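As structure tokens, the structure follows; a few thoughts come after it.
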């Protein structure tokens, strides 16, 4: 009845590098959220606390694509003690016309990492100062590295400060960074002091950035909060900055916004611009070089569908993928 | 890093026939829902109305299994005009310990059909009269056939009546049934007249069974309603029968129950026994041969995890499946 293309992580790393094309694909997905009849249901979430495990399933149908992704993201935080990475997962690609499975992208979370980093670059492109050169990176994991790499594709970054809870990890990050000066900061406040752009990438549950860490012109992309308990920005930050998010229905529940709502700093029904609306010219992002802007990114199914579409297109061009013939003779 | 087992529909049909073992696997899953700390989040649903498409994603973690399924069920109702089946889908099997993908079951919806039919047999086993011999089948599609086949594994069925909106389909159903007498009924009322068990399997949105169709001793399994707009039982039926369901949190939203709530016949917060509670001895099912019982089945992620676990165990025994090596050298 059908044949299904199966692609592994190694192939997908080759086919979909973190480059400007990936950033533009993700940017188009954000624009679609504001301008097209996108169907994006709430995230499905399964928790398995006895193994420190959580699984998110995201999906979205974008009329511009003939297929849509269903993305499964497990995070199992005891895995490092077993010699395994915490984050994993895969994407299924289904035809939006027939529902037939077209491809299984066994990316082990790689495409999620790329589309997440790309979203950070999109946020910086639309919300940071055009002449931004200095970046503060909060957190020193894999996504921190990718965020910096993506930023360097959209802004002329000259100087990086990095802060992490574990100073050794911050030092390793600084050593690893090539092509730009990178210093370890001894506090979040010091890291942000001269920054034009700050990116938070931690899984923390206590605020790291407080109102007194802000200064005119700063743009903050908050990547870390994609679940209810995660939190990187103190509620008072919301009073001192223009807030923009990837999807308001998600950030009210999962993002930094929900902590500000819980703290009573923001009304539960307050509306804010989404990044796609800024891109589409429907809402103001940065109005002046003195603005302080925040972009709260929880990750959307639209990004997954967009990056999967790019992977499929590249795989077809390259003739890559193992074909699984699923014919049945009854 | 990992190798993943990929199984196609043909293999899965051979490995997991609709038999007593499948019924017992699904029965154990229902019991777990009542007795174990099962994690079963609400169904994720994506609608693509321009192609008459809908996709359900279900999952559940059952402590008794080392892995859990994430099941993707697309229904695209224009597919028959393209020569394709409406229903499709696949199951992913992930380790409950690490979140790693263990298997991809490209069953095109076959395992869903089996676990759905098995659930009907479980409902009849626990709720119909022990000496039930006469079955009314409402609807004449693939699931109607499977429901009857499953029922014949748990009750000594001697006589079948079938009703379908299209009399030709009902006639074909009656011809196809082997091993038991099967007659076409010209109305739902006639079909149910002498039945001990009725199974409704239609995707209809208008009630088919009304209170005056009931008689003492009847058990009804309502399979068809797994989405908000679907409806097979008139609200007044709820006043004349003992209502049991697969999962109350689902049937309040998706099942027959939600139409009875909307009609004001049942209070929104009314509680009812779940099938698993009856199996576990925590709630009464049928108390006498004169009772009228209804089992409202919307389909649960627990059934998917259970049937997937059976498929994986059988595949391991048989050495079946294509191994996809997903090693990455970075």
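Protein chains in written order, with my numbering: chain A, 1 to 330; chain Z, 331 to 660. The beta carbon of each residue, even a glycine, is placed where N, CA and C say it ideally should be. In this text, all values refer to a predicted model and were calculated from it rather than measured experimentally.
Using the C-alpha atoms, what's the distance from residue 586 (chain Z) back to residue 624 (chain Z)?
Near 10 Å, if we compare the C-alpha coordinates of residue 586 (chain Z) and residue 624 (chain Z).
Okay, do the stretch 350-366 of chain Z and the stretch 600-617 of chain Z touch, 3+ Cβ pairs below 8 Å being the bar?
With the cut-off at 8 Å, the stretch 350-366 of chain Z and the stretch 600-617 of chain Z touch.
Report, in whole angstroms, the separation of the C-beta atoms of residue 58 (chain A) and residue 299 (chain A), which I expect to be a contact under 8 Å.
With a Cβ gap of about 7 Å, residue 58 (chain A) and residue 299 (chain A) count as contacting.
Sort out for me which residues DSSP pairs residue 655 (chain Z) with in a bridge.
In the DSSP output, where bridge partners are listed per residue, residue 655 (chain Z) has Z:333.
How is residue 366 (chain Z) classed by DSSP in three states: helix, strand or coil?
If DSSP states are grouped into helix, strand and coil, residue 366 (chain Z) belongs with coil.
Let me know the secondary structure DSSP gives residue 506 (chain Z) once reduced to three states.
Collapsing the DSSP output to three states places residue 506 (chain Z) in a helix.
Pick from Z:503, Z:427 and Z:395 that is closest to residue 638 (chain Z), judged by C-alpha positions
The residue with the shortest Cα to Cα distance from residue 638 (chain Z) is Z:395.
Residue 344 (chain Z), DSSP secondary structure in three states
It is helical.
Shorter than 9 Å from the beta carbon of residue 458 (chain Z) to some beta carbon of chain A?
Chain A contact via Cβ: absent.
What is the rounded straight-line gap between the Cα of residue 211 (chain A) and the Cα of residue 271 (chain A)?
When rounded, the distance between both Cα atoms is 21 Å.
Three or more C-beta pairs closer than 8 Å, one from the stretch 259-271 of chain A and one from the stretch 304-322 of chain A: is that the case here?
No, they do not touch.
Using CA coordinates, which residue listed in A:233, A:155, A:54 and A:160 is at the minimum distance from residue 297 (chain A)?
Nearest to residue 297 (chain A) by alpha-carbon distance, out of A:233, A:155, A:54 and A:160, is A:233.
Among residues of its own chain, excluding the 5 on either side of residue 180 (chain A), which ones have a beta-carbon nearer than 6 Å to its beta-carbon?
Closer than 6 Å at the Cβ level, and outside the excluded window around residue 180 (chain A), lie 157 and 160.
Between which two residues does the alpha helix (DSSP H) holding residue 317 (chain A) run?
Membership of residue 317 (chain A) in the alpha helix (DSSP H) is indicated by the continuous run 301-318.
What are the residues in the stretch 14-46 of chain A lying within 9 Å of chain Z by C-beta distance?
Of all residues in the stretch 14-46 of chain A, only 37, 39, 40, 41, 42, 43, 44, 45 and 46 place a beta-carbon less than 9 Å from a beta-carbon of chain Z.
Rounded to whole angstroms, what's the CA-CA distance from residue 468 (chain Z) to residue 494 (chain Z)? Just pull it up for me.
Spanning the two alpha carbons is a distance of roughly 6 Å.
Excluding sequence positions up to five away, which residues of its chain have a Cβ less than 7 Å from the Cβ of residue 20 (chain A)?
Around residue 20 (chain A): 153.
Cβ contact check for the stretch 549-567 of chain Z and the stretch 523-539 of chain Z: 3 or more pairs under 8 Å
Short answer: they touch.
Could you tell me if residue 569 (chain Z) is buried or exposed, where buried requires 16 or more neighbouring beta carbons within 10 angstroms of its beta carbon?
Answer is exposed; the Cβ neighbour count stays below 16.
If I follow the unbroken alpha helix (DSSP H) through residue 440 (chain Z), where does it start and stop?
Under the DSSP assignment, residue 440 (chain Z) falls in the alpha helix (DSSP H) whose first and last residues are 440-457.
Determine which residues share a DSSP beta bridge with residue 58 (chain A) and list them.
Residue 58 (chain A) is bridged to A:71.
Quick one: any contact between the stretch 416-426 of chain Z and the stretch 435-442 of chain Z, if contact means 3 or more CB pairs under 8 Å?
A contact exists between the stretch 416-426 of chain Z and the stretch 435-442 of chain Z.
For residue 5 (chain A) and chain Z, any beta-carbon pair shorter than 9 Å?
No - not a single Cβ of chain Z is within 9 Å of the one on residue 5 (chain A).
Bridge partners of residue 377 (chain Z), per DSSP?
Residue 377 (chain Z) pairs with Z:384.
Members of the stretch 90-109 of chain A near chain Z, C-beta cut-off 7 Å:
From the stretch 90-109 of chain A, only 90, 92, 94, 96, 97, 98, 99, 100, 101, 104, 106 and 108 have a Cβ closer than 7 Å to chain Z.
What residues of chain A sit near residue 406 (chain Z), judged by a beta carbon separation below 7 Å?
Correct list: 98 and 99.
List the residues of chain Z that residue 65 (chain A) touches, going by C-beta distances under 9 Å, in chain order.
Under the 9 Å cutoff, chain Z gives no residues; its nearest Cβ is about 11 Å from residue 65 (chain A).
What does a CB cutoff of less than 6 Å around residue 173 (chain A) pick up in its chain, not counting 5 residues either side in sequence?
Excluding positions up to five away in sequence, the list reads 140 and 162.
Is it right to say residue 618 (chain Z) is buried, meaning 16 or more other beta carbons lie within 10 angstroms of its own, or is it exposed?
By the 10 Å Cβ count, residue 618 (chain Z) comes out exposed.
If you measure from the beta carbon of residue 378 (chain Z) to each beta carbon in chain A, is any gap under 9 Å?
Yes, contact with chain A.
Quick one: measure Cβ to Cβ for residue 302 (chain A) and residue 60 (chain A), integer angstroms, because I've assumed they're closer than 8 Å.
Right, their Cβ atoms sit about 4 Å apart.
If you compare alpha carbons, which of A:252, A:208 and A:248 is closest to residue 236 (chain A)?
Ranking A:252, A:208 and A:248 by CA distance to the CA of residue 236 (chain A) puts A:208 first.
Those residues which DSSP pairs with residue 462 (chain Z) across a bridge
Checking the DSSP bridge columns, you'll see residue 462 (chain Z) has no partner listed.
Would you say residue 70 (chain A) lies against chain Z (beta-carbon separation less than 9 Å)?
So, interface residue.
In terms of residues, what are the limits of the beta strand (DSSP E) holding residue 220 (chain A)?
It spans 219-222 - the beta strand (DSSP E) in which residue 220 (chain A) sits, taken as one unbroken run.
Around the C-beta of residue 130 (chain A), are 16 or more other C-beta atoms found within 10 angstroms, so that it is buried, or is it exposed?
The residue in question, residue 130 (chain A), is exposed, as its Cβ has fewer than 16 Cβ neighbours within 10 Å.
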